[in-house]
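So the sequence lines, in the order shown, correspond to chains S and E.
Reading the first sequence from the start, the letters are residues 1 to 341 in full-length UniProt numbering.
Reading the second sequence from the start, the letters are residues 1 to 341 in full-length UniProt numbering.
Have a look at the structure below, then the notes.
Number of protein chains: 2
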Amino acid sequence: MTSDVPSPRDEPVTLAAIAARAGVHVSTVSRALTPGANGVSPATAQRIRALAAELGYQRDPAATTLRTGRSSIFGVLVPRLTDFVLARIYEGLDAAAARHGYNTFVANTTDDPALRRERLEELLARRVAGIVLGDARLDGDDLVKILARRNIPYVLVSRRLTGHLSVTTDDLLGGRLAAEHLLQLGHHCVGVAAGEPYASTGVERTTGFVRRYAEAGFPLPPEYVLPSRFDTAGGHAAGAALLDLDPRPTAIFAVNDTAAIGVIGALREHGLRPGSDVAVVGYNDIPVAADMPVPLTTVHSPMFEMGQQAMGLLIDRLHGRRVRSKRLRPHLIARDSTLGD
Amino acid sequence: MTSDVPSPRDEPVTLAAIAARAGVHVSTVSRALTPGANGVSPATAQRIRALAAELGYQRDPAATTLRTGRSSIFGVLVPRLTDFVLARIYEGLDAAAARHGYNTFVANTTDDPALRRERLEELLARRVAGIVLGDARLDGDDLVKILARRNIPYVLVSRRLTGHLSVTTDDLLGGRLAAEHLLQLGHHCVGVAAGEPYASTGVERTTGFVRRYAEAGFPLPPEYVLPSRFDTAGGHAAGAALLDLDPRPTAIFAVNDTAAIGVIGALREHGLRPGSDVAVVGYNDIPVAADMPVPLTTVHSPMFEMGQQAMGLLIDRLHGRRVRSKRLRPHLIARDSTLGD
DNA sequence: TGGTGTCGCGCAAACGTTTGTGTAACCTCG
DNA sequence: CGAGGTTACACAAACGTTTGCGCGACACCA
Chain S
1 MTSDVPSPRD
11 EPVTLAAIAA
21 RAGVHVSTVS
31 RALTPGANGV
41 SPATAQRIRA
51 LAAELGYQRD
61 PAATTLRTGR
71 SSIFGVLVPR
81 LTDFVLARIY
91 EGLDAAAARH
101 GYNTFVANTT
111 DDPALRRERL
121 EELLARRVAG
131 IVLGDARLDG
141 DDLVKILARR
151 NIPYVLVSRR
161 LTGHLSVTTD
171 DLLGGRLAAE
181 HLLQLGHHCV
191 GVAAGEPYAS
201 TGVERTTGFV
211 RRYAEAGFPL
221 PPEYVLPSRF
231 DTAGGHAAGA
241 ALLDLDPRPT
251 AIFAVNDTAA
261 IGVIGALREH
271 GLRPGSDVAV
281 VGYNDIPVAA
291 DMPVPLTTVH
301 SPMFEMGQQA
311 MGLLIDRLHG
321 RRVRSKRLRP
331 HLIARDSTLG
341 D
Chain E
1 MTSDVPSPRD
11 EPVTLAAIAA
21 RAGVHVSTVS
31 RALTPGANGV
41 SPATAQRIRA
51 LAAELGYQRD
61 PAATTLRTGR
71 SSIFGVLVPR
81 LTDFVLARIY
91 EGLDAAAARH
101 GYNTFVANTT
111 DDPALRRERL
121 EELLARRVAG
131 IVLGDARLDG
141 DDLVKILARR
151 NIPYVLVSRR
161 LTGHLSVTTD
171 DLLGGRLAAE
181 HLLQLGHHCV
191 GVAAGEPYAS
201 TGVERTTGFV
211 RRYAEAGFPL
221 PPEYVLPSRF
231 DTAGGHAAGA
241 ALLDLDPRPT
251 AIFAVNDTAA
261 IGVIGALREH
271 GLRPGSDVAV
281 VGYNDIPVAA
291 DMPVPLTTVH
301 SPMFEMGQQA
311 MGLLIDRLHG
321 RRVRSKRLRP
331 HLIARDSTLG
341 D
């Protein structure tokens, strides 16, 4: 029962407590414990640090924030963490933040404009050091305007917005890769589950795809490009609609894997098999894609790295370093959902 | 350009600012803005509240926490948010917390004892109002001991620990349901991807399953019950090992859906089809389960509700109300991965 | 040796809030 | 009408930290 943990009984271990025991002023302790130490001799600094470690001192974040007006927290806004892609990106963000001594505070916005506005205000009230926006909107995003106006450091991730710092995959290229693959397999009548119109991911993947098909001499009729929610149900609905078209598409590109699985569900309801009857291509390469009964052809994107790099850029920006947006390179992984078995 | 948002230029709107404009003392403003208002006349309270609203006042959480020693944040510890089940539970937790005016602060622990210990200390340093533990361990969990010893309000979710407040599904029953289903289909030689030995979820689902089979007169040989990680890769590995047994099991129960999909991947590598060649049962009913090329038979568990109820219990406990652990009722959903097509 | 510079540390104020205590003014009632 | 009680507010301290300022002590150099 020896206390490896500071015992709960004694008075809280604050700067003052350490100062008392060390026989110095509290301000000296504060300086000794601050990495950019100045105005304190190496000897006493060492002594104080040892004492602090021994007592298990932990800086009170509330007091620090109150005094400095800044906290060591980054706010993260995402549509929803149940989307594997965002959850994985968040892990990357958090890991990178931790490496630099920061924490992250994440909030789901469900892509609801009012809610994200509200959540942002909460984050700002907590004096976050910066904001990671995972739910940027193409339809006149007011959040980025607020951030820019108030001069809050921020970075976009996953979704792009011209004129704003971001880390994404090269979605135009990703879309082209999907198209290229299906063209090579001889598909000329294809459909797209295009995602939400306010998300650059869906829009650009679709654009890249459609352009490549147009270049190949097979422009897609508008009704073969359907907006869709990003979840399984959304993909299912879009897939069902696409399969009812005449002529029926021989291949379907869904702008994310979860929706692609929904499309596969719709195929089943039509008595069709993915790969052999209708080719299906997804996007992101989430882990389940490879292990499904019919493995999913998909465009692999480095989600964890995307998160890490976004956080890296944000921290660089915070330190006044010059930063530039990044587009990570995706690549296609062909599996049975297009190759057949 | 009229400011719907408090313009950034002016001095920050604090209690003092409101007090000055209202011609009262700051303490009066504080009391007027506190729900359990006392010692302030209804008239001035109303006047102050109107003024606060007009100025867009937001209470500074750092100052409040510093003064009161408590924040309006609940800490949430989960193994990883990329696990859909935990992400969904978290959404339930957060939604319920928001309804009561609280925020949540979530941290991934990757089931690493050292890391979760570290994360917990960070949360406690932030003076969280309570802790939700989503990664309780059966192998002598030191975190719950710390929480109990320091008298921090907490609740377990997803995983159980006898003697500690928790909200889970009835995993013993869930395991039985899976067994019952496979027995009815005539499977007598079955395998289990049992999950991590330190997680009550996997252990109890396995126990329920194994017991039912023993009762039916088909006790499982130990080598047919394999520990496994909870992710797709873990399920894949366990599945591959089970399929190499002689005699080969005609059905496999995986204690969560993600692992079940991994098992399906292993089946494919063996040239086997789920449902027709080997039956597969998962657990949780994550959304993709229903839409896979061969839809997955699984035990549905109410993840969102689990989160909501856990948070509800924690808040009740905080308010000194008597609370009891809950086990939510799961039910089996039969699909093609056991019924064939 | 005296003037100048640097170093190490103490002092005190401030961040915005909550809350116990003090104190006028008012109401009530015998 | 005066004693006792209540109401409505002001006052001030405190939470733990950071940081500009001041002041001795010491070193250095001419």
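Ideal placement from N, C-alpha and C gives every residue a C-beta, glycine not left out.
These numbers were taken from a predicted model, which means no experiment stands behind them.
Buried/exposed call for Gln309 of chain E, threshold 16 Cβ in 10 Å:
Buried: at least 16 other Cβ atoms inside 10 Å.
Inter-stretch contact (C-beta, 8 Å, three-pair minimum) for the segment 315-322 of chain E and the segment 279-295 of chain E:
The segment 315-322 of chain E vs the segment 279-295 of chain E: no contact.
Start and end residues, alpha helix (DSSP H) containing Gly174 of chain S:
Looking at the DSSP string, the run of the alpha helix (DSSP H) that includes Gly174 of chain S is 171-184.
Going by other Cβ atoms of all chains shown within 10 Å of its Cβ, with 16 needed for buried, is Thr162 of chain S buried or exposed?
Label assigned to Thr162 of chain S: exposed.
Would you identify the three-state DSSP class for Val24 of chain E, choosing helix, strand or coil?
Looking at Val24 of chain E - three-state DSSP - the assignment turns out to be coil, as it is neither helix nor strand.
Would you verify that the beta carbon of Met292 of chain S is, or is not, closer than 8 Å to some beta carbon of chain E?
Answer yes: the Cβ-Cβ gap between Met292 of chain S and chain E drops below 8 Å somewhere.
Using the C-alpha atoms, what's the distance from Gly191 of chain S back to Asp171 of chain S?
Answer to the nearest angstrom: the Cα atoms are 18 Å apart.
Could you tell me the distance, in whole angstroms, from the CA atom of Gly262 of chain S to the CA atom of Arg88 of chain S?
Between Gly262 of chain S and Arg88 of chain S, the C-alpha separation is close to 20 Å.
List the whole-angstrom C-beta distance separating Gly195 of chain E from Asn256 of chain E, where the pair is believed to meet the contact cut-off of C-beta under 8 Å.
With a beta-carbon spacing of about 7 Å, Gly195 of chain E and Asn256 of chain E fall inside the 8 Å limit used to define contacts.
In terms of DSSP beta bridges, what is Ile73 of chain E paired with?
Its beta-bridge partners are E:Asn103.
Collapsed DSSP secondary structure at Arg88 of chain E in the structure displayed:
Judged by DSSP in its simplified three-state form, Arg88 of chain E adopts helix.
Neighbourhood of Leu115 of chain E by C-beta, 7 Å cutoff - its chain only, sequence neighbours within 5 removed
Hits under 7 Å: Thr109.
Limits of the beta strand (DSSP E) - the one that Val155 of chain S falls within:
Annotation for Val155 of chain S: the continuous beta strand (DSSP E) segment containing it runs 154-157.
Can you list the residues of chain E that Phe105 of chain S reaches, using a CB-CB cut of under 7 Å?
Simply Phe105.
In the DSSP output, which residue or residues are listed as bridge partners for Ser166 of chain E?
Paired residues: E:Leu156.
Cut-off 7 Å between Cβ atoms - residues of its own chain near His187 of chain E, not counting five sequence neighbours on either side
Cβ within range, chain order: Thr250, Ala251, Ala279.
Would you verify that the beta carbon of Ile48 of chain S is, or is not, closer than 8 Å to some beta carbon of chain E?
So, not an interface residue.
Pick helix, strand or coil for Val29 of chain E, following the three-state DSSP scheme.
The three-state reading of DSSP puts Val29 of chain E in helix, counting H, G and I together.
Do the CB positions of Arg176 of chain E and Phe230 of chain E come within less than 8 Å of each other?
The Cβ atoms of Arg176 of chain E and Phe230 of chain E lie no closer than 8 Å to each other.
Quick check: Leu55 of chain S and Val13 of chain S, are their CB atoms within less than 8 Å of each other?
Contact flag set, yes.
Would you mind working out which of S:Gln184, S:Asp111, S:Val24, S:Asp142 sits nearest Val40 of chain S, comparing C-alpha positions?
Looking at the Cα atoms, S:Val24 is the closest of the given residues.
Within 8 Å (strictly less), CB to CB, does Ile261 of chain E reach chain S?
At least one CB of chain S lies nearer than 8 Å to the CB of Ile261 of chain E.
Residue from S:Arg70, S:Asp60, S:Gly69 with nearest C-alpha to Arg70 of chain E:
When only C-alpha atoms are compared, the closest one is S:Asp60.
Checking 8 Å against the spacing of the C-beta atoms, do Ala334 of chain S and Ala254 of chain S come in under that value?
No.
Residues of chain E with a CB under 7 Å from the CB of His236 of chain S: which are they?
Result: Asp291.
Compare the C-alpha of Leu267 of chain S against each of S:Ala289, S:Thr201, S:Ala290, S:Ala237 and name the closest.
Distance from the Cα of Leu267 of chain S is smallest, within the candidate group S:Ala289, S:Thr201, S:Ala290, S:Ala237, for S:Ala237.
What do you reckon, are the CB atoms on Ser325 of chain E and Val167 of chain E nearer than 8 Å?
Contact flag set, yes.
Going residue by residue through the segment 108-151 of chain S, where are the continuous alpha helix (DSSP H) segments of at least 4 residues, counting only ones entirely within it?
List check, alpha helix (DSSP H) in window: 113-125, 142-149.
Work out the CA separation of Val144 of chain S and Asn151 of chain S for me, nearest whole Å.
Computed Cα separation, rounded: 10 Å.
Should Phe84 of chain E and Ala129 of chain E be called a contact, given that it needs their Cβ atoms to be closer than 8 Å?
Against a cut-off of 8 Å, the Cβ pair of Ala129 of chain E and Phe84 of chain E comes out as no contact.
Spatial neighbours of Val294 of chain E in its chain, beta-carbon cut-off 6 Å, leaving aside the 5 residues before and after
Taken in chain order, the residues that qualify are Pro274, Gly275, Asp336, Ser337.
Please report the straight-line C-alpha distance between Arg9 of chain S and Ala125 of chain E, rounded to a whole angstrom.
Low local confidence applies: a pLDDT of 45 at Arg9 of chain S is under 50, so the model's placement there is unreliable, with the coordinate-based value given in what follows. So the alpha carbons of these two residues sit roughly 16 Å apart.
Is it buried or exposed for Gly134 of chain E, if we count other Cβ within 10 angstroms and need 16 for buried?
Under this definition Gly134 of chain E is a buried residue.
Helix, strand or coil: which one does DSSP assign to His300 of chain E?
DSSP places His300 of chain E in strand when its eight states are reduced to three.
Just reading off the beta strand (DSSP E) that Val323 of chain E is part of, what are its end residues?
That residue, Val323 of chain E, is in no beta strand (DSSP E); it is neither H nor E in DSSP.
With a threshold of 16 other CB atoms inside 10 Å of the CB of His181 of chain S, please say whether the residue is buried or exposed.
In this structure His181 of chain S is buried. Its beta-carbon is surrounded by 16 or more other beta-carbon atoms within 10 angstroms.
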